[in-house]
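Everything below concerns the one structure shown next.
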Amino acid sequence: MKKILCWHLTPQEVRETHYPIEKLIHWEIRCGFSEESYFSIYWFKVGIPYDKEPINGVALYTVECSEEIANSLEKFLLDIIGGNIVKKGYRTFFAGANIERDNISLSDLAKKIVTKFNAGGEIWLEFDGLSDEEVQTLFPSKSLPVAN
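Reminder that position 14 of the sequence shown reads as -6 in this note's numbering, one-by-one numbering, no gaps.
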């Protein structure tokens, strides 16, 4: 069984590729205004590290984004995925958020974010427990093996 990271995917590429949801262990939507100013929304199957206990939900971090953009992102995500906002350092957690992991929902979320914030966007997907055949069908030119 293999573990891979598929990166630098466009929302359209994700939309057009069905993948085994049960083997998805992490997704991330990365968007940027420049190399210095960007944000990321991410999810981990086992929960997002928060102190000693993980939070089940989605997290957001921003780098060199204005407070106005950060607040707008929080509100936008809260309206779409719900959850309870918990803040720690530079990260905002949406504990208990409604997490969709299928290709259509994830692609649509990325497109909404890119459009709303006029930011370049890409999706990263990490899978574990894949067969050799599954690895070959999942973005072969944009995937890397990950050591277990």
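All C-beta atoms, glycine included, are put in the ideal place defined by N, C-alpha and C.
Exposed or buried, which one is Pro120 when buried takes at least 16 other CB atoms within 10 Å? exposed
Closest Cα partner of Ile9 within the set Gly101, Leu118, Lys122: Gly101
Does the Cβ of Gly69 have 16 or more other Cβ atoms within 10 Å, making it buried, or fewer, making it exposed? Counting Cβ neighbours within 10 Å, Gly69 comes out exposed, since fewer than 16 surround it.
Tell me where the alpha helix (DSSP H) around Val26 begins and ends. Element bounds for Val26: n/a, residue is neither H nor E.
In angstroms, rounded to a whole number, what distance separates the CA positions of Tyr41 and Ala75? 14 Å
Does DSSP put Asn98 in a helix, in a strand, or in coil? In the structure shown, Asn98 sits in coil (DSSP, three-state: anything other than H, G, I, E or B).
Within a Cβ cutoff of 6 Å, which residues of the same chain sit near Phe13, ignoring the five residues on either side of it in sequence? Ala99
Outcome for Leu105 when other beta-carbon atoms lying within 10 angstroms are tallied against a minimum of 16: buried
Give me whichever residues DSSP pairs with Pro125 in a beta bridge. Ile(-16)
With a threshold of 8 Å between beta-carbons, can Thr42 be considered close to chain B, or not? In summary, chain B is missing from the structure at hand, where a single protein chain is found.
What number of angstroms, rounded off, separates the C-alpha of Thr72 from the C-alpha of Ile35? Going from the Cα of Thr72 to the Cα of Ile35 covers about 11 Å.
Helix, strand or coil: how does DSSP classify Asp88 here? In the structure shown, Asp88 sits in a helix (DSSP, three-state: H, G or I).
By DSSP's criteria, Ile61 is part of a beta bridge. Which residues make up the other side? The bridge partners DSSP lists for Ile61 come to none.
Bridge partners for Leu110 per DSSP, in chain order? The partner list for Leu110 (beta bridge, DSSP) reads Lys(-18).
Alpha carbon of Cys11 to alpha carbon of Cys45, nearest angstrom: Cα-Cα distance, rounded: 11 Å.
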